[in-house]
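Remarks on the structure that follows.
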Amino acid sequence: MGADHTPKIVGTVWGLLVLNTLGSAGAKTIIPLPRSLIQMVTMGALVAAFALALAVNLRLRIRASSFVFLLTLLLVESVISSANLESGFGALFRCFRLALFVGTLWLLSRWWNGGLTFVRYHIRMYFAVLGSVATGLVVSPGAALPDLYGGRLVGALWPLTPPQIGQYAAVIIGLTVLLVLGRRTDRASAVVVIVPSFVLLALTHTRTATLGLFIGLALAIGSLILTSAAARRFFTWAVLCAVVAAVGFASALQAWFLRGQSKENFSNLTGRAKVWDALLAAPRSTSEQLFGVGLGDKSFGGLPIDNSWLAVYNEQGLIGVTLVAAVIIVLGGVALLRPPSLQRACAIFLISYCAIASYTEAGLGDASPYLLHLALAASLLAAPAQAAPLPTPEVPRRHIPRWAQRSEVT
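All residue numbers for the sequence shown refer to the numbering used here, where the first residue is 1037 and numbers rise by one.
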């Protein structure tokens, strides 16, 4: 089934999944929004996404996907770890949310054919989210750049943190650059997306997103160098610009990167290392080591863990860590085995970005934007569906009289 035959409602479903993964915790907004209302909107978006996906795929036609299969195993493991209610009834609710998320991906897998349709869905939806951030910045600069976050950009209309905004900006910048190199979009449209997104990324001062963008793009473009002259030209110019920027703006770049922090605070990753050390030093039973304590809010001792691997270890144990690692390894392995193409480059960018961000951001073990990025990568790596051959109509046999048969013999 080609990308052109994807129903428009599928794009709506993808947009609802994006809305669900925006989260409910973040900065103070211009108009105070109760967290219960935000959770109702995000959870309602997921329920609506599942219902619409089911409505458009009533015959439950799905494609084999090792990615979604591994997520299903992670869901089963999460239910087992949450069943003892060590993390409260909220763990079972999060399992239900993850089940709807994975179920929706299974229903959408019917249209995963290695095309770029879902890439365009991804860019449009996250660009709309960034549009709300830019609107909040214009309406109330004080609320969008609060002192509480050190003057970093936050969502003033919808509660979004600087790392979230940085992640969304970095992902759509990378994907749009690759579409330009693959000549799947015009430069004017790309500039409209890339320039404002890059400005918002700079205002967030998000180091992880910036490094993930540049390293992910380097790997993705590197996969195209042998087959694309445009990729070779872009790579050459990017290296030259990077060298000039490193020499001419070294002090400004260093100041932006440090964000006014001391070297000690920077070395322990803004306090993250202390939380990680405490989590690893905490005593655990054998069951907790294998299965974890159940799905929670990705925190330990009241402080955010901010590391996907440690968050998964805490909530889903070593089995969960193994499954998440298998997701990254399988997607990466499939990407490396594919011949060079724009789809492969986009998948490499998404996989590498998520792998880099996993060091300082949580989310690989639960319904999150990171799993949605990886789902997009899985859709890009899916083999095109083979069209079923048309049945050949049976030609009726012509009756030959006996006298004619005898004449043919003679």
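No residue lacks a Cβ here, since even glycine has one placed at the ideal position from N, Cα and C.
Range covered by the alpha helix (DSSP H) that runs through residue i
i     : result
E1122 : E1122 -> no alpha helix (DSSP H), and no H or E assigned at all.
W1050 : 1044 to 1056
L1316 : 1308 to 1317
H1158 : 1153 to 1175
G1337 : Element bounds for G1337: n/a, residue is neither H nor E.
I1261 : First-last for I1261: undefined, no H or E at that position.
L1096 : Segment: none, L1096 is in no alpha helix (DSSP H) and carries neither H nor E.
N1350 : 1344 to 1373
V1190 : Element bounds for V1190: n/a, residue is neither H nor E.
R1380 : 1378 to 1393
E1324 : 1322 to 1327
A1419 : First-last for A1419: undefined, no H or E at that position.
P1198 : 1198 to 1217
A1224 : 1223 to 1240
Contact belief for residue i with residue j at Cβ below 8 Å, rounded distance in angstroms
i     : j     : result
V1117 : G1353 : Residue identity differs from the one stated: residue 1117 is Ser in this sequence, not Val. 6 Å between Cβ atoms; contact.
I1341 : V1311 : 6 Å
L1189 : L1249 : About 16 Å separates the two Cβ atoms, so there is no contact after all.
K1064 : A1226 : Not a contact, Cβ separation roughly 34 Å.
L1367 : L1417 : 7 Å
G1332 : A1135 : Actually they do not touch by this definition, with Cβ atoms about 17 Å apart.
L1253 : V1213 : 6 Å
S1264 : L1217 : 6 Å
F1271 : I1257 : 5 Å
S1101 : A1314 : The pair is not a contact, with the Cβ atoms about 37 Å apart (cut-off 8 Å).
M1161 : G1051 : 5 Å
Burial state of residue i (16 or more Cβ within 10 Å)
i     : result
G1202 : buried
P1199 : buried
D1402 : buried
I1045 : exposed
A1423 : Residue placement at A1423 cannot be trusted, given a pLDDT of 45 that sits under 50; what the coordinates show is reported in the next sentence. Exposed, because fewer than 16 other Cβ atoms sit within 10 Å of the Cβ of A1423.
K1334 : buried
C1277 : exposed
P1425 : Low confidence applies here, because P1425 scores a pLDDT of 48, under 50, leaving its location unreliable; read the following figure in that light. Per the 10 Å Cβ criterion, exposed.
S1287 : exposed
R1130 : buried
T1042 : buried
N1120 : exposed
T1322 : exposed
P1405 : buried
V1049 : buried
G1210 : buried
G1356 : buried
F1103 : buried
L1144 : buried
L1184 : exposed
L1111 : buried
V1280 : exposed
L1036 : An answer regarding residue 1036 cannot be provided, because it is not within the stretch 1037 to 1446 covered by the chain.
F1282 : A small correction: the amino acid at residue 1282 is Ala; Phe does not occupy that position in the sequence shown. Classification of A1282: exposed, given that the 10 Å Cβ count is below 16.
is_contact[residue i, chain C] using C-beta, thresh 8 Å
i     : result
L1367 : The chain inventory of the structure shown lacks chain C, comprising one protein chain alone.
Cutoff 7 Å; reference residue i; Cβ partners in own chain excluding five residues on either side
i     : result
G1047 : Y1157
L1408 : L1053, V1054, T1057
I1159 : I1208, L1211, T1212, V1229
E1324 : G1353
A1267 : L1217, I1257, L1260, I1261
Close beta carbons around residue i, own chain, < 6 Å, minus the five adjacent residues each side
i     : result
V1175 : none
W1273 : none
I1074 : S1060
E1122 : V1329, G1330
L1239 : L1189
L1400 : S1344, V1360, S1394, Y1406
D1215 : Going by the sequence as given, residue 1215 is Leu instead of Asp. Around L1215: T1221.
Y1389 : G1248, G1252
G1187 : L1181
R1097 : R1146
Q1255 : In the sequence under discussion, the amino acid at residue 1255 is Leu, which differs from the Gln named in the question. Counting only Cβ-Cβ distances below 6 Å, and skipping sequence neighbours, we find I1384, S1388.
R1308 : D1342
Contacting residues, own chain, Cβ-Cβ under 8 Å from residue i (five flanking each side not counted)
i     : result
L1316 : L1346
A1362 : L1106
A1170 : P1232, L1236
V1155 : L1211, L1215, C1382, L1412, L1416
F1163 : I1208, V1229, S1233
Taking 8 Å as the threshold, find out whether the segment 1179 to 1197 comes into contact with the segment 1061 to 1073 through three or more Cβ pairs.
Taking 8 Å as the limit for Cβ pairs, the verdict is that the segment 1061 to 1073 does touch the segment 1179 to 1197.
Specify whether the segment 1056 to 1064 and the segment 1074 to 1088 touch according to this definition: at least 3 beta carbon pairs, one from each stretch, less than 8 Å apart.
Touching, yes, given that three or more Cβ pairs across the two stretches are closer than 8 Å.
So, do the segment 1135 to 1144 and the segment 1086 to 1095 have three or more beta carbon pairs nearer to each other than 8 Å?
Yes, the segment 1135 to 1144 is in contact with the segment 1086 to 1095.
Quick one: any contact between the segment 1383 to 1394 and the segment 1115 to 1134, if contact means 3 or more CB pairs under 8 Å?
Fewer than three pairs of CB atoms, one per stretch, sit closer than 8 Å, so the segment 1383 to 1394 makes no contact with the segment 1115 to 1134.
Any contact between the segment 1385 to 1401 and the segment 1206 to 1216? By contact I mean 3 or more CB pairs, one from each, below 8 Å.
Enough Cβ pairs lie closer than 8 Å, so yes.
Below 8 Å, can you find three or more Cβ-Cβ pairs linking the segment 1088 to 1108 to the segment 1214 to 1228?
No: fewer than three Cβ pairs fall under 8 Å.
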